[in-house]
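In the UniProt record's numbering, the protein residues as written are 103 to 364. Virtual Cβ for every residue (Gly too), placed ideally from N, Cα, C.
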Ligand code: ADP
């Protein structure tokens, strides 16, 4: 039981968006952006209309991971028209200001920017609504996460963690925060679960299975594990996300499990 919401909760999603799913983590650097982007691409490969909002003020990743260099344009209603990359409609806090500036924002400014990105982006239209908007949150359990739940109705959250104890303690805290704001946790993803050596043995660098056990212990759906994979890292750095192969298929499976709950 995640408990009753303790703060006011929004009752509407952004215009022309059918479902909003946030992706959070307790700690930074656990692969939240990597997982959220690849989940978004997995949902897209299922044939859905998908948007990805890069709301990580501490390190916007859309420009690098997707190679988007042109910021959104504006339509007649002064809404941002998001650039499209790999079939995803994308907006990023990195398009609003330069990254160094966003880092030093105080809570209210960050929340305001996020609200603007959510509600003043033309994610869809009355005729062609977006099926799912994936929001890549900043790591942690701060103001931004809290205000977001007060500004827009969220269908659920995905929590990304490595299996390491340090990461899991913070991931648990993220789960608690979502519970307090009445946001249903739709799944836990264990990233960097192991590394497959050349001879095929799994090397469990951060101790495999921790996030899976946390999910089971808290009675939350476990979406799957993602190994440490040089190809996945390279794909992010090259702005060439993996769309086929074993890794992409993993994300397809996770996307299916996620969509089944929406
Ligand atoms: P976060 O959003 O949690 O800060 P990122 O998604 O930016 O984390 O990932 C941090 C770094 O680790 C990036 O360089 C990313 O490419 C790399 N990374 C994340 N997940 C994996 C993985 N499963 N295999 C290899 N590299 C990964």
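Three-state secondary structure assigned by DSSP to residue 326: strand
Rounded C-alpha distance that separates residue 103 from residue 319: A caution first: residue 103 carries a pLDDT of 47, below 50, which makes its placement in the model unreliable, though a value can still be read off. Answer to the nearest angstrom: the Cα atoms are 12 Å apart.
Exposure of residue 351, with buried meaning 16 or more beta-carbon neighbours within 10 Å: exposed
Proximity below 8 Å, CB of residue 289 to CB of residue 324: yes
Distance, residue 301 Cα to residue 232 Cα: 44 Å
Residue 241 Cβ short of 7 Å to the ligand ADP heavy atom set: yes
Beta carbon of residue 273 nearer than 8 Å to that of residue 127: yes
Residue 293 CB to nearest heavy atom of the ligand NAD below 7 Å: This structure simply doesn't include the ligand NAD; it includes the ligand ADP instead.
Residue nearest to residue 287 in terms of C-alpha spacing, selected from 252, 363, 137, 329: 363
Any non-hydrogen atom of the ligand ADP closer than 7 Å to residue 335 Cβ: yes
Exposure of residue 298, with buried meaning 16 or more beta-carbon neighbours within 10 Å: exposed
As assigned by DSSP and simplified to three states, the class of residue 295: strand
DSSP three-state assignment for residue 154, whether helix, strand or coil: strand
Straight-line gap, residue 114 to residue 349 (C-alpha atoms, nearest Å): 35 Å
Residues near residue 149 by beta carbon distance below 7 Å, same chain, minus five either side: none
Whole runs of the alpha helix (DSSP H) within the region 325 to 363, excluding any shorter than 4 residues: 332 to 339, 348 to 361
Inside the region 256 to 281 only - beta strand (DSSP E) runs reaching at least 3 residues: 258 to 263
Coil, strand or helix - residue 180 by DSSP: coil
Contact test: residue 329 Cβ vs the ligand ADP heavy atom, cutoff 7 Å: yes
Enclosing beta strand (DSSP E) for residue 286 [first to last residue]: That residue, residue 286, is in no beta strand (DSSP E); it is neither H nor E in DSSP.
Any beta strand (DSSP E) of 3 or more consecutive residues that is wholly inside the region 112 to 148: 122 to 126
Top-ranked residue by Cα proximity to residue 312, from 199, 262, 177, 198: 262
Heavy atom of the ligand ADP within 7 Å of residue 158 beta-carbon: yes
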